[in-house]
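**Q** These protein sequence lines are chains G and C, in that order. Just so we're on the same page, the numbering used here is the position in the first sequence counted from 1, plus 10. Just so we're on the same page, the numbering used here is the position in the second sequence counted from 1, plus 23. The structure that follows is given in the form of structure tokens.
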Amino acid sequence: MRYLLFSILIFPSLALAEATMHTDHSNHGAHHSHEGHPHTQLVDGAEIKLDAERFDKFVLNQSGSQIAVVSVTGMVCDFCARGIEKTFKKDIGVKKIDVDLANGKVLIAYAATAKIVNEDIEQKILSNGQTVTDIQILTAQ
Amino acid sequence: MVFSDEMRDSAYYHYSPSYKYSLGIELVDEKKAMKNHANFRYTYLLNRKNTQKSQRNLYFQSSLSAGGNDEYSYGFLGDWETRRYFIGFGAQEFKSNLRDYDKQFVQIGFAPYLGDYGDLHSWLMVKSKHDSRTDKWNTYPVVKFFKGDYLLELGVDENDEPDIHFMIRF
Chain G
11 MRYLLFSILI
21 FPSLALAEAT
31 MHTDHSNHGA
41 HHSHEGHPHT
51 QLVDGAEIKL
61 DAERFDKFVL
71 NQSGSQIAVV
81 SVTGMVCDFC
91 ARGIEKTFKK
101 DIGVKKIDVD
111 LANGKVLIAY
121 AATAKIVNED
131 IEQKILSNGQ
141 TVTDIQILTA
151 Q
Chain C
24 MVFSDEMRDS
34 AYYHYSPSYK
44 YSLGIELVDE
54 KKAMKNHANF
64 RYTYLLNRKN
74 TQKSQRNLYF
84 QSSLSAGGND
94 EYSYGFLGDW
104 ETRRYFIGFG
114 AQEFKSNLRD
124 YDKQFVQIGF
134 APYLGDYGDL
144 HSWLMVKSKH
154 DSRTDKWNTY
164 PVVKFFKGDY
174 LLELGVDEND
184 EPDIHFMIRF
């Protein structure tokens, strides 16, 4: 019985793997100039490694918002990272949040008038079990 | 979390005041002993190492049964995982007036594809568990799926008994 069950479960999983790899390949093709590791350079010369396409999509319709780009270690699991989203969504100053597992980044859109406290961000991430290594605050155009 | 195997069915609810520890209550149906009882469980994170690509954890876990016979348990759980690979282990001692026994398990797995946040994530795993009451290692395949706030881990052991974990994150 367990072999039958395993066969039933493994085939859809592998089919999904193939579909996902195909999607990834398409993305690489569309953004070849980024070489799969896009970077954004800040005015002070600092560089943050993030997915430019993902960032552009995130800041769409967020004009004027403050965007916290948080670098996080230990964020290896979608299920485990769910707590980060839940915690930040309780903050009334937070308009939107995105978790980028591949690059270890959390993007948080704050209202233009919101006061962003780095220690508060660090504490919220730590309370979920991950560690903040860097925080950059940008303003969406 | 709901759990089921050849020895027991259980439902477990826990609350984590901090990432360091959690307190929970487990409602257990002991199939072979044909009795129900509740366990109060305490889990403490002894060590965690976060890196860019991995997380490693070591937990101490203990429980105290409300079912009489002075039943309690203690042990250690550990895991190391990346987005692609997983290794986990556990060892627990169970004590009571009736009988003492111990359990161990090891589990390894890999993700055949790396999904984005919010996608359906799938893992193919192998689990091997030992119970001193039967004194046998039981090794079998396990699949794990999670999407959003739901996680399902499903296996069928060498005795054709299901090994099921279902978790909801509130």
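Ideal Cβ placement from N, Cα and C applies to all residues, glycine included. As the structure is a computational prediction, the values presented were derived from the model and not from experiment.
How is the alpha helix (DSSP H) around A56 (chain C) delimited, first residue to last?
**A** That residue, A56 (chain C), is in no alpha helix (DSSP H); it is neither H nor E in DSSP.
**Q** In or out: G138 (chain C) buried (at least 16 other Cβ within 10 Å) or exposed?
**A** buried
**Q** Determine which residues share a DSSP beta bridge with L195 (chain C) and list them.
**A** Residue 195 (chain C) cannot be examined here, being either before or after the span of chain C that is shown, 24 to 193.
**Q** Counting only Cβ-Cβ distances shorter than 8 angstroms, please list the residues of the segment 33-56 of chain C near chain G, keeping chain order.
**A** Answer set for the segment 33-56 of chain C: S41, Y42.
**Q** Would you say N37 (chain G) faces chain C, with C-beta separation under 7 angstroms as the test?
**A** Its pLDDT being 33, under 50, N37 (chain G) is placed unreliably in this model, and the value from its coordinates should be taken loosely. No, because no Cβ of chain C sits closer than 7 angstroms to the Cβ of N37 (chain G).
**Q** Under the three-state reduction of DSSP, which class applies to K167 (chain C): helix, strand or coil?
**A** strand
**Q** Name the chain G residues that come within less than 9 angstroms of T105 (chain C), Cβ to Cβ?
**A** V86
**Q** Have a look at G:N113, G:G93, G:A62 and flag the residue whose alpha-carbon is nearest the alpha-carbon of Q133 (chain G).
**A** Nearest neighbour of Q133 (chain G) by Cα position, chosen from G:N113, G:G93, G:A62, turns out to be G:G93.
**Q** In this structure, how does DSSP classify V104 (chain G) when only helix, strand and coil are distinguished?
**A** In this structure, V104 (chain G) counts as strand in the three-state DSSP scheme.
**Q** If you draw a straight line from the alpha carbon of T1 (chain G) to that of Y120 (chain G), how long is it in whole angstroms?
**A** It is not possible to answer for residue 1 (chain G), since the shown part of chain G is limited to 11 through 151.
**Q** If I measure Cβ to Cβ from K100 (chain G) and keep anything under 7 angstroms in the same chain, skipping five residues before and after, which residues do I get?
**A** None.
**Q** Would Q146 (chain G) count as contacting chain B if we go by Cβ distances under 7 angstroms?
**A** Included in the structure are the protein chains G and C, with no chain B among them.
**Q** Chain C beta carbons: is any one of them nearer than 7 angstroms to that of Q133 (chain G)?
**A** Not one chain C Cβ lies under 7 angstroms of Q133 (chain G).
**Q** Please state the DSSP three-state secondary structure of R92 (chain G).
**A** helix
**Q** Determine the burial state of V127 (chain G): buried for a count of at least 16 other Cβ atoms within 10 Å of its Cβ, exposed for fewer.
**A** By the 16-neighbour rule on beta-carbons within 10 angstroms, V127 (chain G) is exposed.
**Q** Here's the rule: buried if 16 or more other CB atoms are within 10 angstroms of the residue's CB, otherwise exposed. What is K152 (chain C)?
**A** buried
**Q** Looking only at DSSP bridge pairs, what is R64 (chain C) linked to?
**A** C:G47, C:S86
**Q** Mind listing the chain G neighbours of S77 (chain C)? Cutoff is C-beta to C-beta under 7 angstroms, in chain order.
**A** V86
**Q** Under 7 angstroms, do G101 (chain C) and L81 (chain C) count as touching if we go by C-beta distance?
**A** yes
**Q** Using a Cβ-Cβ cutoff of less than 8 angstroms, which residues in the same chain neighbour E53 (chain C) once the five nearest sequence positions on both sides are dropped?
**A** M30, R31, N59, H60
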